[in-house]
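To convert a position in the sequence shown, counted from 1, into my numbering, add 104.
Just so it is clear, CB atoms sit at the ideal spot from N, CA and C, and this is done for glycine as well.
Structure record follows, encoded as C-alpha cells.
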Amino acid sequence: MRINKSTTNSSVLLGFSTFPGLEGLFFTAFLTIYLLILIGNALIITVTLADQTLHTPMYFFLRNLSCLDICYTSIIIPKMLENLLSEDRTIQFARCAFQMSVFLITGAAECFLLAAMAYDRYVAICQPLRYTLIMNARVCYGLVAASWLAGIPMQLAQTFLLFTSRFCNSNEINHFFCDLPALLSLVCGDTSINEQVALLEAVLLAVIPFSMILMSYICIGITILKIPSVEGRHKAFSTCSSHLMVVLGFYGSGIIAYVTPKSRDSLGTDKYLSLFYTVLSPLLNPLIYSLRNREVQIAFGKCFPFCFCELYAQL
105 MRINKSTTNS
115 SVLLGFSTFP
125 GLEGLFFTAF
135 LTIYLLILIG
145 NALIITVTLA
155 DQTLHTPMYF
165 FLRNLSCLDI
175 CYTSIIIPKM
185 LENLLSEDRT
195 IQFARCAFQM
205 SVFLITGAAE
215 CFLLAAMAYD
225 RYVAICQPLR
235 YTLIMNARVC
245 YGLVAASWLA
255 GIPMQLAQTF
265 LLFTSRFCNS
275 NEINHFFCDL
285 PALLSLVCGD
295 TSINEQVALL
305 EAVLLAVIPF
315 SMILMSYICI
325 GITILKIPSV
335 EGRHKAFSTC
345 SSHLMVVLGF
355 YGSGIIAYVT
365 PKSRDSLGTD
375 KYLSLFYTVL
385 SPLLNPLIYS
395 LRNREVQIAF
405 GKCFPFCFCE
415 LYAQL
C-alpha cells in the first residue's frame with residue numbers, strides 16, 4: 105500500500121502477519137511470557153525491598169533493572185497482543201512516536217544501568233575495603249538517576265526528527281512495534297541526518313557504557329586471577345556471573361540489531377532478533393538473578409514460605 109503521510113495519521117504494524125492462522129498461538133505464548141515478566145520482575149522488586157539483608161547497592165541496581173524491564177515491555181507487548189487479536193493493526197503516529205521514544209529512552213537507561221552494576225561489581229571485587237565508602241547512598245542514587253535521564257534529550261530529538269520527516273514509501277511497518285530501523289525505511293528522501301544522529305546515539309548511549317562494562321570486567325578478571333585459592337576465585341566470579349550473562353544477552357542482540365549495516369531485506373530478520381531484548385531478556389533476567397543467587401533464593405523463602413515462590417527459590 106503506497107501512502108503519503110499527508111493523507112493519514114496512522115501506520116500499520118505488520119507484526120507476525122507472515123504466519124497467518126497462528127495468531128492465537130502467538131497471543132497465548134506472548135501473553136504467558138508477559139505475565140511471567142511482570143510476576144518475575146515484581147517478585148524481584150518485592151523481595152529485595154522486603155529483606156533487609158538485600159538493602160545493598162547490588163540489589164538496589166537490580167530493583168531498578170526490574171523496573172526498566174517492566175516499563176519497556178509494557179510499552180511494546182500490550183500493543184502486540186492487541187494486534188494479534190484484531191485484523192486492524194493500525195497505530196496512530198502519536199502513539200507510535202510515544203512508543204518509540206519510551207522504548208529508546210528505557211533502552212538507553214538499561215545500557216547505563218548495566219554499566220553502573222558493572223562498576224559496583226568492580227568496586228566490590230577490586231577495592232573491597234573501600235566498598236562501603238565508594239558505593240554510598242548518594243553515589244548509588246546518582247548513578248541510577250543518571251541512567252534514567254541520560255538518554256532522554258537525544259532520544260526525544262531523534263523521535264522529533266524522525267516524525268517530522270515525510271513518510272512516502274508505505275504506511276506498513278515491518279515490525280511488531282515502532283522501532284527506529286523499521287521506521288527509517290519508510291522515510292521519503294535523504295535519511296543521512298537521521299542515520300548520523302542514530303550513530304551518535306549508539307556511540308554515546310551504548311558503546312560508551314559497554315566500554316565501561318568491558319573495562320570493569322578486565323579489571324575484575326585480573327583481580328580474580330590473583331586470588332590464590334580456587335574456592336576464592338569461584339566465589340569472586342559468582343558474584344558477577346549473573347550480571348555478565350545479562351550483559352552478553354542484552355548487548356549481543358542489540359549490537360546486531362542496531363550497529364551492524366542494514367539492508368531492506370535484513371529488516372525482517374531484525375524483527376525476530378529484537379524479540380530477544382524486548383521479550384526474552386526481561387523474562388530471563390529475574391530467573392538468572394534468582395536461580396544463580398543464593399541470597400535471593402533465601403529471601404524468596406523468607407518472604408513467601410507458604411506459596412509457590414518457595415519452590416521457585418529452591419530450583
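Would you grab the beta carbon distance between F380 and S394 for me? Rounded to a whole angstrom, and I think it's under 8 Å. About 20 Å; that fails the 8 Å criterion.
Using the three-state DSSP reduction, which class does F123 fall into: helix, strand or coil? coil
For R234 and A198, the rounded distance between their alpha carbons: 49 Å
Would DSSP call L415 helix, strand or coil? Residue confidence is low: L415 scores 45 on pLDDT, short of 50, so the model does not pin down where it sits. Its coordinate-derived value is still stated next. Helix.
From K183 to F281, what does the alpha carbon distance come to, in whole angstroms? 8 Å
Check whether L166 and I148 have beta carbons under 8 Å apart: yes
Nearest-angstrom Cβ-Cβ length linking L288 and T295, presumed shorter than 8 Å: 5 Å
If you draw a straight line from the alpha carbon of L303 to that of V334, how long is it in whole angstroms? 43 Å
Minimum C-alpha distance to S357 - residue among T382, H338, R337 and A340: T382
Since S115 is in the beta strand (DSSP E), which residue starts that stretch and which ends it? S114 to L117
Write down every uninterrupted run of the beta strand (DSSP E) in the region 190-219 whose length is 3 residues or greater and which is fully enclosed by it, in chain order. 194-196
Identity of the residues DSSP links to I137 by a beta bridge: Answer is none; I137 lacks a bridge partner.
Can the beta-carbon of I209 be found less than 8 Å from the beta-carbon of G246? no
Pair within 8 Å by beta-carbon distance, T327 and I229: yes
Does DSSP classify C407 as helix, strand or coil? helix
Span separating the alpha-carbon of S64 from that of M349: Limits of the chain in this structure are 105 at one end and 419 at the other, which puts residue 64 out of reach.
C-beta contact flag for E305 and T157 at 8 Å: no
Element boundaries [alpha helix (DSSP H), containing T263]: I256 to F267
8 Å contact criterion, which L387 and G144 should meet: CB distance rounded: 7 Å
Quick one: give me the first and last residue of the alpha helix (DSSP H) that D173 is part of. P161 to S178
For the putative contact between L309 and C215, defined by C-beta atoms under 8 Å, what is the C-beta separation to the nearest angstrom? 6 Å
When the Cα of I181 is compared with those of Q196, I195, F134 and S115, which residue comes out closest? F134
Nearest to I322 by CA position, among N278, C344, L260 and V301, is which residue? C344
Return helix, strand or coil for F271, following the three-state DSSP convention. strand
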